[in-house]
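In our numbering, the protein residues as written are 317 to 827.
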């Protein structure tokens with residue numbers, strides 16, 4: 317256990333967004349895995365102990381910790397709470413619009429309760445009392461912010477008279493205001509709720525000394541204490557996210573927020589049964605989320621996108637209802653078990669093939685960098701449909717793998733369309749098929765597909781050169797059947813981490 321943050325010190329944590337490249341629907345079952353890539357677009361949680369002076373603070377009991385949470389990118393987005401360290405209860409005192417934020421409430425109640433259980437007295441000690449003659453009470457000020465890619469910037473750019481392009485997006489200030497409420501914002505599917513939950517859990521645990529600051533520094537993570545700290549954050553974040561949603565999902569989005577890019581195999585939902593019961597205690601939650609609980613049988617295998625391959629993401633202005641799509645797929649799976657099992661096996665094989673090719677491309681780069689660069693240079697200038705018959709590259713391992721990656725991607729897409737037809741859901745609807753096919757015709761594009769559960773609201777491409785990335789964006793900007801806009805996010809390997817607050821004045825200015 318480490319010392320908690322000193323007075324006025326700010327603890328700032330970040331957690332990345334996610335892209336489920338392959339494994340949609342299959343990641344719901346422990347028998348299958350998914351390939352999830354973390355992004356360099358992150359969500360941030362800043363926690364500071366400070367004197368809070370708002371109506372009702374002076375009437376709180378000695379056991380009550382006042383808390384003020386603000387999300388400055390949205391209109392009417394602040395919430396005031398009190399947390400009782402004796403009863404482990406959280407009470408909402410006020411909010412900007414009279415509403416509540418279930419995700420924030422669940423994280424505060426569970427994580428503060430667990431911080432108190434792991435480090436008895438630290439929550440109360442850090443926030444107790446106030447200097448003589450000082451108005452208000454010491455409590456927690458929390459600021460939640462996100463990189464712009466988590467929310468559609470279409471309306472912001474339109475108001476500025478700017479086009480829907482990467483150049484226009486780069487001109488916006490970091491963490492700019494959305495101009496709307498949290499309930500009405502158009503999200504881009506990067507997993508904002510999972511990243512928020514994970515960053516806030518991490519920030520609170522570090523702030524109260526339950527997790528060491530050093531265990532979450534970027535680029536570190538191999539020592540036992542670091543592994544244990546990250547697992548604790550993961551388990552608590554999974555619990556809080558599931559409780560806020562009212563169900564135990566696959567968990568890949570929280571896993572990506574905590575661990576970054578990896579191959580993910582889900583945990584058994586049974587591990588959270590006791591903790592999610594209505595009558596559960598803090599001790600129940602502590603046991604359930606403990607890093608020592610063998611019920612956490614999820615599997616996280618780090619993965620890296622091969623060198624020079626770049627993930628490009630697009631926001632499509634036509635939303636999909638993911639929960640209803642998943643529900644229909646599961647209904648079809650139950651009604652047609654044999655047919656579903658056969659299709660699941662084919663999808664799993666195709667998904668695994670893509671992951672193995674990524675691994676083999678990484679190995680090819682290490683084994684023969686010259687051949688790797690030569691093959692990528694050639695493929696970057698030609699359409700993927702031409703790669704198989706490339707003259708002059710008959711013995712290139714990298715060239716063969718790139719051609720196989722294209723085939724595997726097309727196989728996955730075909731199987732996803734079959735699943736969509738069987739379940740009567742638009743996993744890769746015809747509009748998306750036409751867009752993705754057009755992207756695959758761009759020289760230097762080796763992958764183009766719908767991420768996660770699919771639908772209308774997003775696509776991703778993997779390109780081999782800056783020129784290919786620009787050409788793909790040209791396809792998006794000129795596409796007439798749907799409005800397609802780029803995101804700036806790229807792939808990133810790291811997960812949740814603690815940051816230097818001096819580099820983020822956009823956040824600390826709201827503390």
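Glycine included, C-beta positions come from ideal geometry on N, C-alpha and C.
| Query | Result |
| --- | --- |
| Measuring only the C-alpha atoms, how far is residue 347 from residue 496? | 41 angstroms |
| Between the segment 771 to 791 and the segment 618 to 629, are three or more C-beta pairs nearer than 8 angstroms? | yes |
| Tell me which residues share the same chain as residue 820 and place their Cβ nearer than 6 angstroms to its Cβ, disregarding the 5 neighbours each side in the sequence. | none |
| Could you give the distance in angstroms between the alpha-carbon of residue 322 and the alpha-carbon of residue 610? | With a pLDDT of 49 at residue 322, under the threshold of 50, the modelled position of this residue cannot be trusted, and the question is left open. |
| Going by the DSSP bridge assignment, what does residue 802 pair with across the sheet? | 630 |
| Let me confirm a value: residue 551 is counted as buried when at least 16 other C-beta atoms fall within 10 Å, else exposed. Which label applies? | buried |
| Counting only runs that start and end within the segment 450 to 502, where is the alpha helix (DSSP H) found for 4 or more residues in a row? | 470 to 476, 482 to 487 |
| Where residue 701 and residue 571 are concerned, what is the direct C-alpha to C-alpha distance, given to the nearest angstrom? | 35 angstroms |
| To the nearest angstrom, how far is the alpha carbon of residue 585 from that of residue 714? | 40 angstroms |
| Might you give, ordered along the chain, the residues of its own chain that have their beta carbon closer than 8 angstroms to the beta carbon of residue 467, omitting 5 neighbours on each side? | 389, 494, 501, 502, 503, 504, 508 |
| Can you name the start and end residues of the beta strand (DSSP E) that residue 361 belongs to? | 350 to 368 |
| What are the residues that DSSP puts in a beta bridge with residue 410? | 396 |
| Give every residue of the same chain whose Cβ lies closer than 7 angstroms to the Cβ of residue 755, excluding the five residues on either side of it in the sequence, and list them in chain order. | 761, 764, 777, 788, 791 |
| Restricting to Cα atoms, I'd like to know which of 685, 333, 692, 413 is closest to residue 510. | 333 |
| So residue 453 and residue 367 are in contact, right, with Cβ under 8 angstroms, and what is the actual spacing, rounded? | 7 angstroms |
| I need the DSSP call for residue 615, collapsed to helix, strand or coil. | strand |
| Leaving out five residues before and five after residue 758 in sequence, what residues of the same chain have Cβ atoms less than 7 angstroms from its Cβ? | 784, 787, 788, 791 |
| Quick one: Cα of residue 770 to Cα of residue 382, how far? | 42 angstroms |
| Quick check on residue 697: does DSSP put it in helix, strand or coil? | coil |
| When you compare each of 456, 745, 489 to residue 472 by their alpha carbons, which one comes out closest? | 489 |
| Taking 7 angstroms as the limit between beta carbons, can you name the residues of its chain near residue 520, skipping five residues before and five after? | 363, 427, 428, 431 |
| Run through the DSSP bridge pairs and tell me what residue 580 is partnered with. | 350, 616 |
| Whether or not the segment 689 to 706 and the segment 736 to 753 are in contact is what I'm after, with contact meaning three or more pairs of Cβ atoms, one per stretch, closer than 8 angstroms; do they touch? | no |
| I'd like the span of the alpha helix (DSSP H) that includes residue 312, first residue to last. | Past the boundaries of the shown model lies residue 312; the chain is included only from 317 to 827, so the question cannot be answered. |
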